[in-house]
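Some notes on the structure that comes next.
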Ligand code: HEM
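Residue numbers (full-length UniProt numbering): 1 to 203.
Dropping the structure here:
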């Protein structure tokens, strides 16, 4: 069965709900004092996991669209990608406002003490560049350079699980699983990746 424009519309509504409802849940938990013993850590964890989970979903769209021969599905990538950016910005805001209490001087100390923060920041910069250039008009203006820039999503897909793995002190099973998931997602794209890197070399 082919996905129609109406079907795509309802799928997008569902995706919006799936991305927004966890945030409503987080607000309810925090405001009702049910966000665990350390609510600040809880919020940083929740938004970081939100960002990485939606990034997995974003990277799953292309293989699914190809397997199911549903080209229209590709149109959900921008929506999901912007939610990855949204969650990541909330994650950073929570860290700077609730953890560091806007003590900007501490930020440098934190980066030296916890270098995985630099990895997260690099990932966020890539997400920001992709988000800012995700508008149709920008895409048209950028021409071929747009695809070259958007290939950086693959680097983001390496940096995000590395940041996660590195940030966790004791438990390695969950971040290890995410490393495997992202490796699998990149392997699924190995042909496209090699073609695009070849394209980059020819230029
Ligand atoms: C400037 C950007 C970023 C900063 C400053 C930052 C900072 C942090 C900090 C302080 C932690 C908590 C580590 C701890 O438990 O002590 C963390 C964890 C985490 N971050 Fe980030 N991060 C950034 C970007 C990102 C991005 C872009 C993603 C995903 C796309 C991400 C996903 C995660 C995940 C999944 C965790 C583990 C959550 C946990 O187990 O607590 N972060 N980050």
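Heads up, the beta-carbon is just placed ideally off N, CA and C, and yes, glycines get one too. Source: prediction; values computed, not measured.
Would you check whether the ligand HEM has a heavy atom nearer than 7 angstroms to the C-beta of residue i?
i: residue 123; result: yes
i: residue 88; result: yes
i: residue 65; result: no
i: residue 55; result: yes
i: residue 164; result: yes
i: residue 45; result: yes
i: residue 13; result: no
i: residue 120; result: yes
Taking the beta carbon of residue i as the centre, do at least 16 other beta carbons fall within 10 Å, making it buried, or is it exposed?
i: residue 203; result: Bear in mind that a pLDDT of 47 at residue 203, under 50, signals an unreliable position, so the number given afterwards is only what the model happens to contain. Result: exposed.
i: residue 112; result: exposed
i: residue 36; result: exposed
i: residue 115; result: exposed
i: residue 173; result: exposed
i: residue 77; result: buried
Quick test of your reading: residue i and residue j, contact by CB under 8 angstroms. State the CB separation rounded to the nearest angstrom.
i: residue 54; j: residue 84; result: 5 angstroms
i: residue 188; j: residue 73; result: About 15 angstroms; that fails the 8 angstroms criterion.
i: residue 81; j: residue 130; result: 6 angstroms
Please go through the same chain and pick out, in chain order, the residues whose beta-carbon is closer than 7 angstroms to the beta-carbon of residue i, but skip the five residues on each side of it.
i: residue 178; result: 52, 161, 164
i: residue 119; result: 159, 162, 163, 166
Looking only at its own chain, which residues have a Cβ that is under 6 angstroms from the Cβ of residue i, when we skip the five neighbours before and after it?
i: residue 90; result: 47
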